[in-house]
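Single-structure report; data block below.
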Amino acid sequence: MFTKTIDFSKYSSIKIGQATKVLIIEEGDTIPTDRYLIGGANNLLVSPTPPPLMMLGKDFTTMEQRGGMLTIGTAMPTGRIVSYAKKYDIAGFEFCAKLPGTLGGMLAMNAGVKEYEIFNILHSVEIAGKWLLKDEIEHGYRFAKLGGIATRARFKIINGFDQELLDTLINLRSNQPKEASAGSAFKNPDGDYAGRLIEAVGLKGIREGDMQWSEVHANFLVNHGEGSFEDAKHLIDLAKVKVLEEFGIELKEEIQIL
Ligand SMILES: Cc1cc2nc3c(=O)[nH]c(=O)nc-3n(C[C@H](O)[C@H](O)[C@H](O)COP(=O)(O)OP(=O)(O)OC[C@H]3O[C@@H](n4cnc5c(N)ncnc54)[C@H](O)[C@@H]3O)c2cc1C
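Numbered according to our numbering, the sequence shown spans residues 3 to 260.
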């Protein structure tokens with residue numbers, strides 16, 4: 003293992019944070035239990051005082067087909083998984099296009115688009131050297147209790163990459179805000195939409211410093227350039243308080259605040 007300085011104002015998708023030392027884990031290293039693991043930082047809001055951080059290195063960016071199974075290292079970026087699936091005509095990964103991050107981040111968040119979620123196609127995950135079948139892991143809408151660091155995951159190979167589905171899903175994304183963000187800030191509460199609630203309490207388009215509840219999609223917290231952690235946190239807390247007051251609904255962050 004070795005240490006690398008990562009500037010989160012550049013690395014994170016929401017472009018907030020500072021230069022921070024991150025421990026890079028390589029194959030064969032004992033994974034520390036007192037550090038927070040990050041992936042591609044597409045779902046993170048890094049505070050000025052984050053916990054000690056670590057990241058899986060390039061040893062965990064492998065993809066291998068064997069015995070009807072595709073095994074992928076969890077540091078693998080989603081874009082490369084989609085390109086690989088297309089090249090080898092493998093079905094199921096189309097929804098990962100335009101869903102920025104690594105396989106590990108997808109598994110931890112059970113990331114997805116519409117009815118497509120990573121756990122739908124997952125066979126098993128390697129956690130702390132032990133392979134667990136997906137049904138051994140409690141999971142649901144935007145959560146999975148992995149219980150540790152996922153290092154590799156397996157998927158049954160089904161042939162038939164669906165280019166039409168890929169195009170439809172990419173089209174769906176075209177109405178998302180173009181500014182820096184971490185995707186949806188809140189999970190959708192049961193039977194409702196976080197974006198609708200944020201709009202209903204009058205926060206759509208509201209700005210604090212360079213951070214704003216997007217005018218395009220109210221559940222996206224966007225950074226116009228110099229947005230700070232404090233600005234972002236202020237808007238998140240404001241939305242939580244207002245939605246609770248007016249609708250009695252407790253919004254839960256999808257974005258991970260460190
Ligand atoms: C423009 C935009 C659009 C987005 N649209 C969507 C969308 O439609 N649907 C959706 O679901 N998400 C969406 N997201 C959020 C994001 O793409 C996903 O949550 C993605 O899976 C995050 O991956 P990451 O590698 O960046 O994880 P990070 O943000 O780095 O981490 C997220 C969480 O995963 C954990 N984690 C990472 N790797 C591992 C591992 N190997 N083992 C255990 N835990 C791990 C981290 O500890 C953290 O809790 C969007 C984000 C952006 C910026």
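Glycine residues also receive a C-beta, built at the ideal position from the N, C-alpha and C atoms.
- Task: Would you kindly work out how many angstroms separate the C-alpha atoms of GLU29 and GLY211, rounded to a whole number?
- Result: On the sequence shown, position 27 is the one that residue 29 refers to. On the sequence shown, position 209 is the one that residue 211 refers to. Cα to Cα, the separation comes out at about 42 Å.
- Message: Measuring only from the beta carbon, is VAL115 closer than 7 Å to any heavy atom that is part of ligand 1?
- Response: Position 113 of the sequence shown, counting from 1, holds the residue named residue 115. Yes, since a heavy atom of ligand 1 falls inside the 7 Å radius drawn around the Cβ of VAL115.
- Mind pulling the beta strand (DSSP E) runs of 3 or more residues that sit fully within the stretch 213 to 249? DSSP runs (the beta strand (DSSP E)) wholly in the stretch 213 to 249: 213 to 215, 223 to 225.
- Message: For ASN112, which residues in the same chain have their Cβ closer than 8 Å to its Cβ, ignoring the five residues on either side in sequence?
- Response: Translated into the one-based positions of the sequence shown, residue 112 becomes position 110. Closer than 8 Å at the Cβ level, and outside the excluded window around ASN112, lie GLU119, ILE120, PHE121, HIS141, GLY142, TYR143, ARG144, PHE145, ALA146.
- CB MET71 to CB PHE157, shorter than 8 Å? By 1-based counting over the sequence shown, the position of residue 71 is 69. By 1-based counting over the sequence shown, the position of residue 157 is 155. Yes. Within cutoff.
- Where do the ends of the beta strand (DSSP E) carrying GLN67 lie? Within the sequence shown, numbered from 1, the residue matching residue 67 stands at position 65. First-last of the beta strand (DSSP E) with GLN67: 65 to 68.
- Tell me whether TYR143 sits in a helix, a strand or coil according to DSSP, three-state version. Counted from its first residue, the sequence shown places residue 143 at position 141. Reduced to three states, the DSSP call for TYR143 is coil.
- Query: Would a C-beta distance cut-off of 8 Å place PRO79 and MET56 closer than the cut-off?
  - Reply: In the sequence shown, residue 79 corresponds to position 77, counting from 1. In the sequence shown, residue 56 corresponds to position 54, counting from 1. Contact flag unset, no.
- Message: Assuming LYS235 and VAL203 are in contact, meaning their beta carbons sit under 8 Å apart, how far apart are those beta carbons, in whole angstroms?
- Response: Here residue 235 is taken as the residue at index 233 of the sequence shown, counted from 1. Here residue 203 is taken as the residue at index 201 of the sequence shown, counted from 1. Not really, about 18 Å apart at Cβ, beyond 8 Å.
- Alpha-carbon spacing of LEU260 relative to ARG37, whole angstroms: Residue mapping note: residue 260 aligns to position 258 of the sequence shown, counting from 1. Residue mapping note: residue 37 aligns to position 35 of the sequence shown, counting from 1. Roughly 11 Å separates the two Cα atoms.
- 3 or more residues per run - each beta strand (DSSP E) lying fully within the stretch 99 to 178: Counting only runs that start and end inside the stretch 99 to 178, the beta strand (DSSP E) elements of at least 3 residues fall at 124 to 129, 132 to 135, 152 to 158.
- Query: Are at least three pairs of beta-carbons, each pair with one atom in the stretch 93 to 107 and one in the stretch 161 to 172, less than 8 Å apart?
  - Reply: Yes, they touch.
- Query: Is the number of C-beta pairs between the stretch 183 to 194 and the stretch 127 to 136 that are closer than 8 Å three or more?
  - Reply: No: the two stretches stay apart, fewer than three of their Cβ pairs being nearer than 8 Å.
- Task: Please check the pair GLN178 and HIS219, which I expect to be a contact at CB under 8 Å, by giving their CB distance rounded to whole angstroms.
- Result: What you label residue 178 is simply residue 176 of the sequence shown in a count that begins at 1. What you label residue 219 is simply residue 217 of the sequence shown in a count that begins at 1. With 8 Å as the limit, GLN178 and HIS219 qualify as a contact, their Cβ atoms being about 6 Å apart.
- Taking LEU109 and ALA155 to be in contact with their CB atoms under 8 Å, please state how far apart those CB atoms are, rounded to whole angstroms. Here the question's residue 109 lines up with position 107 in the sequence shown. Here the question's residue 155 lines up with position 153 in the sequence shown. Contact holds; Cβ gap of about 6 Å.
- Taking the alpha-carbon positions, what's the ALA184 to GLN258 distance? Your numbering for residue 184 matches position 182 in the sequence shown. Your numbering for residue 258 matches position 256 in the sequence shown. Per the coordinates, the alpha-carbon of ALA184 lies some 9 Å from the alpha-carbon of GLN258.
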